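Numbering (the UniProt record's numbering), first residue to last: 1 to 108. Glycine included, C-beta positions come from ideal geometry on N, C-alpha and C. Computed from a predicted model, the values in this text were never measured in an experiment. The structure appears below as structure tokens.
And the structure:
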């Protein structure tokens, strides 16, 4: 069983607000099962202050049938509430039946 991690997929959609204007709103699309492979991480300081930000990067593999039309403004959340920001995505050229997402989790 390769796809054993469960993530929630969030994306944007255009909704009409109180003024009758179209605005972008983020909402949960669906739950997806995937394979998560950690890549690397790092630490950087923010603007010459003593505050440091750490991050980890992952590769997420998902079946193409699970996400029909991926977009760069989508993100994933796990059961702990960590937000996986999508950096880029492309079809897995070795196995064309899945998408490969490169993601990052930021910690402060």
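Below 8 angstroms on the Cβ atoms is my guess for residue i versus residue j; work out the distance and round it to an integer in Å.
i: residue 59; j: residue 100; result: 6 angstroms
i: residue 73; j: residue 27; result: Residue 73 to residue 27, Cβ: 12 angstroms. No contact.
What did DSSP end up calling residue i once you bin it into helix, strand or coil?
i: residue 29; result: strand
i: residue 13; result: strand
Can you tell me which residues form a DSSP beta bridge with residue i?
i: residue 34; result: 5
i: residue 43; result: 54
i: residue 106; result: 55
i: residue 85; result: 75, 104
i: residue 70; result: According to DSSP, which records beta bridges pairwise, residue 70 is partnered with nothing at all.
i: residue 24; result: 14
Should residue i be labelled buried (16 or more other beta-carbon atoms within 10 Å of its own) or exposed?
i: residue 98; result: buried
i: residue 103; result: buried
i: residue 90; result: exposed
i: residue 82; result: exposed
i: residue 37; result: exposed
i: residue 67; result: buried
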